[in-house]
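Presented below is the structure to which this report refers.
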């Protein structure tokens, strides 16, 4: 059995469809039998989702939460008492023992009414005490986390730092206290979900062990001496979600409250357990609210198109409107499909490595949902840009497109800015299979294309064409990566071409989406439901167009001197005419350029 892997996400014992795609291999056999939620599991999810939805609708006025930037007093306490912060924990600890997909459904249902509520549920269930309880060994740490879960208390996970979340190292340090097993924790963390309301927080910190710096996770009580919980961050959206900064100054932490993990031999900015939780957690934190907003938007678009008449012609009869409706429905179907693929196989014990897909679907879901919301904003025009309160005052349907658009923009940032996520995927995952040159390089260069085995596949002729395209593009992708690696024998040179890596990740994301929607459409048709075939066709057609655009940019000749323009601007000596009439003002009235220290 292999003991080393090309990257930190790979698992030598479990295959991944997307990992195979990165290597130019199209594994239709892995996704053809698309997972369907077990009826009993679905029923359990239905029950809890209905209970939570009723509570949220009774207690939460989302426009008021947005205006006051605060949830009602005692609401988070009630969520904790009801076990909603421990959706997957053992009932003996007050949890609900939900599956991964039912947890996703519950968060998404809350997001359909209030994004801040959904994010509170997601942060606790994805990265809170209950989540880490699943990976904590027997001992003091497990006892601490069990107590937090049992009491329905709140927790947080602190990783991002003022120096920038993208740094490989963690500037927060934990130093062993001589003669003890305890550590002194020093540093600052920002953008910490539930920081202002948490009782216990997990903190990533650099520890020097035998002369080697390693990132470890420490669990700290927020009432510990030396811990300061700062002001809430104020965002343009998700107003009311408790999020803030923390400082640690010589905070003493028990050695038994450090999560010790096996070194996997790869340089990563978080601990292995945290990386696994973050990957799956993005499904709850990002994909679940993305799906909720997309679902809301397609409903609002339908209602608006049904009641509007332009020049005595129903709005829904116009060609461009129909296209936008169809594209939005197809994108919503794709988000839901990718979420099911990322969670259901794990619930069903299929033995697949889904971490590559979970990482990619962070961007796939938030970007597709953004496109849907943008279409809704444009279709509803003034009624989209206008706030729900303003609409209500003049008697128009108070559809909160504006509020949800602000909330949705956060999802393209949270968990990693969209372009940087693609850059990391390109650098740390995709390129890892081409340095050193892969053993199957000769097979990639072979002339014979191997069509996918469509035995048992139920697709229309157009969708079968999309399936063949996905297989062809996968192999072509492998050849492209091989050629790039050979033309850049020094990998550092290719690592530095970030736009190339971003485009590579974008291509694989589109092929993944095409393949999954085709697999789900086929499975639904085999069960007697052909309704998804048209949705799959619409999505695949648009995805293919996006890949054509990405390939065109990837294969284009050398472009303009980007470095010269950016460097000149950063030097402060060029292009001053562009900002001559809009120089920012300092807080005391003078221009920043003229202010003195």
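Numbering (my numbering), first residue to last: 36 to 632.
Glycine is no exception: its CB is placed at the ideal position from the N, C-alpha and C atoms.
CA-to-CA distance, residue j to residue i, given in whole angstroms
| i | j | result |
| --- | --- | --- |
| residue 274 | residue 55 | 40 angstroms |
| residue 301 | residue 516 | Confidence in residue 301 is poor, its pLDDT being 49 and thus under 50, which makes the residue's placement too unreliable to answer from. |
| residue 405 | residue 500 | 28 angstroms |
| residue 492 | residue 475 | 28 angstroms |
| residue 304 | residue 203 | Any reading at residue 304 must be qualified, since the residue scores a pLDDT of 49, below 50, and its modelled position is unreliable; the value itself is stated next. Rounded to whole angstroms, residue 304 to residue 203 spans 5 angstroms at the Cα level. |
| residue 330 | residue 401 | 13 angstroms |
| residue 232 | residue 190 | 8 angstroms |
| residue 607 | residue 588 | 30 angstroms |
| residue 433 | residue 343 | 16 angstroms |
| residue 604 | residue 611 | 9 angstroms |
| residue 114 | residue 163 | 14 angstroms |
| residue 471 | residue 509 | 20 angstroms |
| residue 296 | residue 407 | 41 angstroms |
| residue 335 | residue 411 | 7 angstroms |
| residue 31 | residue 61 | Nothing about residue 31 can be read from this structure; the chain reaches only from 36 to 632. |
| residue 238 | residue 258 | 14 angstroms |
| residue 554 | residue 67 | 5 angstroms |
| residue 480 | residue 506 | 15 angstroms |
| residue 431 | residue 205 | 50 angstroms |
| residue 362 | residue 173 | 50 angstroms |
| residue 403 | residue 529 | 28 angstroms |
| residue 591 | residue 549 | 25 angstroms |
| residue 101 | residue 138 | 25 angstroms |
| residue 447 | residue 215 | 43 angstroms |
| residue 428 | residue 95 | 20 angstroms |
Boundaries of the beta strand (DSSP E) in which residue i is found, first to last residue
| i | result |
| --- | --- |
| residue 227 | 218-228 |
| residue 262 | 262-267 |
| residue 259 | Per DSSP, residue 259 belongs to no beta strand (DSSP E) and is neither H nor E. |
| residue 208 | 208-211 |
| residue 190 | 190-193 |
Continuous alpha helix (DSSP H) stretch holding residue i: start and end
| i | result |
| --- | --- |
| residue 352 | Per DSSP, residue 352 belongs to no alpha helix (DSSP H) and is neither H nor E. |
| residue 282 | Run containing residue 282: none in the alpha helix (DSSP H); it sits in the beta strand (DSSP E), 278-288. |
| residue 398 | 390-415 |
| residue 105 | Looking at the DSSP string, residue 105 is not in any alpha helix (DSSP H), and its letter there is neither H nor E. |
| residue 480 | 476-480 |
| residue 164 | 164-168 |
| residue 500 | 496-522 |
| residue 74 | 74-94 |
| residue 57 | 52-57 |
| residue 528 | 526-530 |
| residue 493 | No alpha helix (DSSP H) holds residue 493; DSSP gives it neither H nor E. |
| residue 454 | 453-459 |
| residue 606 | 597-606 |
| residue 66 | 63-66 |
| residue 200 | From DSSP, residue 200 is part of no alpha helix (DSSP H); its letter is neither H nor E. |
Per-residue DSSP class, three states only, for residue i
| i | result |
| --- | --- |
| residue 137 | helix |
| residue 253 | strand |
| residue 178 | helix |
| residue 301 | Because residue 301 sits at a pLDDT of 49, beneath the cut-off of 50, its placement in the model cannot be relied upon, and the following sentence gives the value as read from the coordinates. DSSP places residue 301 in coil when its eight states are reduced to three. |
| residue 243 | strand |
| residue 235 | strand |
| residue 373 | helix |
| residue 571 | helix |
| residue 448 | coil |
| residue 156 | helix |
| residue 321 | helix |
| residue 551 | helix |
| residue 17 | Because the chain in this structure spans residues 36 to 632, residue 17 falls outside the shown range and cannot be described. |
| residue 273 | coil |
| residue 344 | strand |
| residue 248 | strand |
| residue 580 | helix |
Closer than 7 angstroms: residue i CB and nearest the ligand ZN heavy atom
| i | result |
| --- | --- |
| residue 196 | This structure does not include the ligand ZN; it has no bound ligands of any sort. |
Beta-carbon separation (whole angstroms), residue i vs residue j, contact threshold 8 angstroms
| i | j | result |
| --- | --- | --- |
| residue 286 | residue 179 | Actually they are not in contact, since the Cβ atoms of residue 286 and residue 179 sit about 15 angstroms apart, beyond 8 angstroms. |
| residue 80 | residue 133 | 7 angstroms |
| residue 394 | residue 314 | 6 angstroms |
| residue 175 | residue 289 | 6 angstroms |
| residue 207 | residue 240 | 4 angstroms |
| residue 148 | residue 97 | 6 angstroms |
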